[in-house]
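In what follows, a structure is listed as structure tokens, so that the remarks can point back to it.
Number of protein chains: 2
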Amino acid sequence: MSEEVKIGIIGYGVVGSGLYQILEKNGEEIRQRVGFGVRVAKIADVDWERQRPVMPPVEMRVGDAYDLISDPEIPILVETIGGTGIALKLVRAALEAGKSIVTSNKALIAMHGEELLDIAEAKGVDLMFEGAVGGTIPIIRALKESLEANHLDTILGIVNGTTNYILTRMADEELEFSDVLADAQKLGYAEADPTDDIEGYDARNKLAILSAIGFGLRARVEDVFTEGITRITQADLKYAAQMGYVVKLLAIGRRQGSRVELHVHPTLVPKNHPLAAVRGSFNAIFVHGDGCDDVMLYGRGAGDMPTGSAVAGDVIEAARNVVGGCKGRVLCTCLAAAEPAPMDEVDTRTYLRIRVTDQPGVMGKIATALGDEGVSLASVIQLDTDGQVAEIVLVTHLCAEGRLNRALERVKALDVVEEIASRIRAMDEG
Amino acid sequence: MSEEVKIGIIGYGVVGSGLYQILEKNGEEIRQRVGFGVRVAKIADVDWERQRPVMPPVEMRVGDAYDLISDPEIPILVETIGGTGIALKLVRAALEAGKSIVTSNKALIAMHGEELLDIAEAKGVDLMFEGAVGGTIPIIRALKESLEANHLDTILGIVNGTTNYILTRMADEELEFSDVLADAQKLGYAEADPTDDIEGYDARNKLAILSAIGFGLRARVEDVFTEGITRITQADLKYAAQMGYVVKLLAIGRRQGSRVELHVHPTLVPKNHPLAAVRGSFNAIFVHGDGCDDVMLYGRGAGDMPTGSAVAGDVIEAARNVVGGCKGRVLCTCLAAAEPAPMDEVDTRTYLRIRVTDQPGVMGKIATALGDEGVSLASVIQLDTDGQVAEIVLVTHLCAEGRLNRALERVKALDVVEEIASRIRAMDEG
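For the protein sequence lines, the chains are A and B, in the order given.
Read in this note's numbering, the first sequence has 48 at position 48, and its numbers run on one by one without any break.
Read in this note's numbering, the second sequence has 425 at position 425, and its numbers run on one by one without any break.
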């Protein structure tokens with residue numbers, strides 16, 4: 001029998017269970033392929049009463065994660081608890097104890113990646129986190145290894161499955177946000193507390209990680225401009241569709257000279273763009289570099305088996321490094337702290353839905369107010385008059401957000417303008 | 001100054017030049033990111049008279065590749081000559097001399113991968129070939145590392161940029177194959193001798209490699225059913241479009257129990273399928289596994305910089321293994337020789353264009369002849385009558401090729417049938 005590497009799993013929830021299942025199911029195939037076995041030795045969880053679809057044998061179950069951390073026979077631990085509380089303490093302790101760590105915890109890596117990678121480097125162990133961004137999509141390894149020779153200028157994509165699921169159903173079934181959210185919660189596509197997803201915080205964490213790895217510029221999550229999907233209405237989706245767009249929550253990272261712009265927000269995506277075809281809980285990430293040109297990776301962004309697959313890939317890699325005696329082979333790829341470009345200086349095209357008094361000359365006044373700040377219009381539709389109030393819908397040409405903000409102050413000050421009901425950024429097609 | 005790994009390049013053509021350029025341009029960024037430098041020390045080519053867009057300094061140029069193979073200061077050699085003649089001799093010699101090899105040579109790996117990987121394993125060095133399939137697309141690393149825990153059942157995609165370019169232009173500009181081919185040759189999108197591309201041999205080599213890596217089943221290229229795009233006509237593209245399809249040259253690998261079916265041929269792809277949106281010289285590869293579900297990777301399939309980017313990624317990985325003392329870390333992932341499923345036993349849907357005498361009852365006779373062998377029809381259009389001869393265009397439901405072949409013998413024997421003008425397989429939609 002060939003060699004075997006033992007691993008421990010900390011936290012037996014969705015991802016922990018997916019990892020356990022895939023390693024059990026394909027254990028023999030993995031052994032033949034990589035030349036040694038990878039075996040789950042212990043799984044730690046605080047609650048073994050709760051029934052999961054697949055339960056590990058009783059002898060594998062442990063209550064205290066420190067039993068795994070102190071086990072000299074287990075060189076690799078997988079953290080699947082999530083969050084930055086107990087997970088941070090345990091990962092820190094495990095790295096200090098010389099364990100290689102695999103995690104799918106995006107908040108942990110986004111907020112504490114630097115500290116943890118430093119410990120891993122000092123201890124000569126691995127810290128891998130493919131499952132933290134894009135579920136099953138091999139984006140981290142692509143950025144750290146395959147595309148490493150490139151100077152990348154753009155990383156953007158759909159990195160949150162819950163919001164993409166909600167936006168897809170809103171568009172397909174002509175439902176409002178709150179109705180789809182309630183149903184998504186019932187079906188398990190959204191958490192009981194969906195804030196992290198629908199407010200864009202989850203996507204923000206992932207974008208911070210992608211920027212650190214892809215650009216070598218480590219951003220603080222607070223520097224990522226973040227807007228969720230809660231204010232997207234059926235009216236906006238319909239107007240957008242009329243103009244040839246679908247609405248997606250995009251995480252966008254771009255180099256701007258020595259700075260980097262990082263923003264997460266609902267975005268109008270042209271219908272013929274490959275990202276427009278990413279539906280339901282799928283994710284997709286676009287990368288542009290000086291050698292590779294456009295590259296896109298697409299796959300399931302969440303779920304027990306898809307994320308379990310990504311984590312298992314990392315586990316096998318970490319095990320290869322244990323067997324080959326080269327732990328810590330690929331660690332931090334961050335060059336420097338990112339200098340964030342303020343959102344005011346980010347160029348975007350913007351969709352606006354403006355409620356106005358229904359009287360002649362309104363469009364002219366708005367166009368003039370925008371034009372006075374140098375904001376020009378790419379397309380305009382005016383619709384839905386009810387005799388008193390009308391809606392004007394327009395998309396601007398590319399302009400800096402700061403300039404648009406000033407222009408919108410002028411628009412709001414017009415006596416014919418009731419309110420700016422919606423403002424959604426649009427993807428730059430040029 | 002940190003450590004530096006020297007590499008040699010054998011062959012200074014399109015890929016060799018792309019690799020040299022990307023390592024020169026981004027050398028400093030790569031050094032900061034990976035912690036050591038990767039420097040091109042020598043480049044061997046038999047012809048330094050021919051001018052290329054970017055020429056390396058004279059002191060780097062070498063005429064005899066064995067100067068690189070025998071240089072003890074160069075642990076990594078990149079082979080970019082192509083083909084299985086001198087390239088095979090040199091790679092064999094370099095591996096025997098203990099060099100790690102990076103290559104983008106698909107024919108070499110498809111036909112001699114087993115022998116070369118065995119030498120690499122015996123010598124404890126790396127043999128990497130990301131650039132051999134899908135140009136810049138990180139599909140080999142995804143299969144060997146990221147998705148390694150999966151049991152994969154399907155790998156299919158567009159893996160030849162030349163044919164995709166030709167098919168895209170034929171559809172967009174309503175041109176016939178031979179006209180686009182001539183123009184593509186003028187523009188450099190097709191070789192002077194385009195046989196390898198247009199007959200599907202290049203795609204066949206790539207599919208053999210993907211099967212070996214992804215399924216762990218090593219196929220002989222002769223076992224891959226292969227049909228090129230030379231017989232695709234404007235008429236077929238138009239009929240296909242009418243029925244909601246575009247035509248793509250697909251390489252398709254599927255497990256069939258303990259066997260594997262491998263086939264390359266023009267294929268009708270539904271317009272709303274992501275592969276239908278892969279245009280021009282882009283490539284895309286779909287993978288389906290038990291953990292990851294559907295994954296798609298998309299990018300440029302050829303070109304100096306895109307393929308140079310993939311090769312450079314491998315070079316950096318090989319250099320990491322040199323520095324970390326773990327050469328040969330990820331080698332052969334092939335479990336066994338593939339047992340090929342004969343094409344007769346492969347289920348497909350098939351588009352048929354049949355020229356018939358223009359008289360009543362023809363359609364009934366054809367449908368009956370097909371039905372007698374159990375082949376049923378999914379859709380039928382009948383068009384383009386010129387008074388004497390008419391064309392019937394139809395798509396069958398899924399059936400084994402052998403059964404369809406027998407049915408087509410019956411159809412051909414009908415006195416009302418002039419000829420079966422076209423037969424194109426269609427993607428199974430579910």
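All C-beta atoms, glycine included, are put in the ideal place defined by N, C-alpha and C.
Item: Residue 233 of chain B by DSSP, collapsed to three states: which one?; Value: coil
Item: Between residue 265 of chain A and chain B, is any beta-carbon pair separated by less than 8 Å?; Value: no
Item: With a threshold of 8 Å between beta-carbons, can residue 295 of chain B be considered close to chain A, or not?; Value: yes
Item: Taking contact to mean 3 or more Cβ pairs, one atom from each stretch, closer than 8 Å, check whether the segment 168-186 of chain B and the segment 134-154 of chain B are in contact.; Value: no
Item: Cβ of residue 21 of chain B within 8 Å of Cβ of residue 313 of chain B?; Value: no
Item: What residue does the beta strand (DSSP E) around residue 300 of chain A start on, and which one ends it?; Value: 293-300
Item: Regarding residue 61 of chain A and the ligand MN, is the C-beta to nearest heavy atom distance less than 7 Å?; Value: Ligands in the displayed structure: none, and consequently the ligand MN is not present.
Item: With which residues is residue 504 of chain B paired in a DSSP beta bridge?; Value: With chain B represented from 1 up to 430, any question about residue 504 of chain B goes unanswered, as that position is not in the structure.
Item: Along the chain, where does the alpha helix (DSSP H) containing residue 211 of chain A start, and where does it finish?; Value: 201-215
Item: Evaluate residue 103 of chain A with the Cβ neighbour count: other Cβ atoms within 10 Å of its Cβ, from every protein chain shown; 16 or more gives buried, anything less gives exposed.; Value: buried
Item: At the level of alpha carbons, what is the spacing between residue 274 of chain A and residue 273 of chain B?; Value: 11 Å
Item: Just verifying my parser: in three-state terms, what is the DSSP assignment at residue 55 of chain A?; Value: coil
Item: Can you check which of these residues, A:154, A:53, A:198 and A:389, is closest to residue 254 of chain A by C-alpha distance?; Value: A:154
Item: For residue 172 of chain B, which option in B:234, B:325 and B:337 has the closest C-alpha, if you only look at C-alpha atoms?; Value: B:234
Item: Short of 8 Å in beta carbon distance, which residues of its chain neighbour residue 54 of chain A, apart from the five on each side in sequence? Order them along the chain.; Value: 17, 20 and 21
Item: Pop quiz: residue 67 of chain B and residue 11 of chain B are said to be a contact at Cβ under 8 Å. What is the actual Cβ separation, rounded to whole angstroms?; Value: At roughly 14 Å, the Cβ-Cβ gap does not stay under 8 Å, so residue 67 of chain B and residue 11 of chain B are not in contact.
Item: Report all residues from its chain with a CB closer than 7 Å to the CB of residue 244 of chain B; omit the five preceding and five following residues, and keep chain order.; Value: 270 and 271
Item: DSSP state of residue 197 of chain B, grouped into three classes?; Value: helix
Item: With 8 Å as the threshold, decide whether the Cβ of residue 292 of chain A is near any Cβ in chain E.; Value: Protein chains A and B are contained in the structure displayed, whereas chain E is not.
Item: Going by the DSSP bridge assignment, what does residue 92 of chain A pair with across the sheet?; Value: Answer by DSSP bridge pairing: none, since residue 92 of chain A is not bridged.
Item: Using alpha carbons as the reference points, say which of A:38, A:291 and A:211 lies closest to residue 135 of chain B.; Value: A:291
Item: Cβ of residue 209 of chain B within 8 Å of Cβ of residue 260 of chain B?; Value: no
Item: Which residues mark the beginning and the end of the alpha helix (DSSP H) in which residue 306 of chain A is found?; Value: 304-324
Item: Tell me whether the segment 312-330 of chain B and the segment 220-231 of chain B touch, counting them as touching only if at least three CB pairs, one residue from each stretch, are closer than 8 Å.; Value: no
Item: State the Cα-Cα distance for the pair residue 382 of chain A and residue 362 of chain A, rounded to the nearest angstrom.; Value: 10 Å
Item: Alpha carbon to alpha carbon, how far is residue 96 of chain B from residue 23 of chain A? Give it in angstroms, no decimals.; Value: 36 Å
Item: Decide if residue 130 of chain B is buried, meaning its Cβ has at least 16 other Cβ atoms within 10 Å, or exposed.; Value: buried
Item: Tell me the start and end of each unbroken alpha helix (DSSP H) in the segment 108-140 of chain A that is at least 4 residues and wholly inside, in chain order.; Value: none
Item: Considering only the alpha carbon of each residue, which of B:327, B:7 and B:288 lies closest to residue 431 of chain B?; Value: With chain B represented from 1 up to 430, any question about residue 431 of chain B goes unanswered, as that position is not in the structure.
Item: Going by the beta-carbon positions, is the gap between residue 368 of chain A and residue 404 of chain A smaller than 8 Å?; Value: no
Item: Counting only Cβ-Cβ distances shorter than 8 Å, please list the residues of the segment 137-157 of chain A near chain B, keeping chain order.; Value: 137, 138, 141, 142, 145, 146, 147, 148, 149, 150 and 151
Item: Contact criterion: CB-CB distance below 8 Å. Does residue 25 of chain A meet it with respect to chain B?; Value: yes
Item: Secondary structure at residue 14 of chain A, three-state DSSP: helix, strand or coil?; Value: helix
Item: Of the residues B:353, B:116 and B:395, which one's Cα is nearest the Cα of residue 418 of chain B?; Value: B:353
Item: If residue 330 of chain A sits next to residue 147 of chain A, beta carbons under 8 Å apart, how far is it from one beta carbon to the other, in whole angstroms?; Value: No, residue 330 of chain A and residue 147 of chain A are not in contact; Cβ-Cβ is about 13 Å, not under 8 Å.
Item: Would you kindly work out how many angstroms separate the C-alpha atoms of residue 9 of chain A and residue 42 of chain A, rounded to a whole number?; Value: 6 Å
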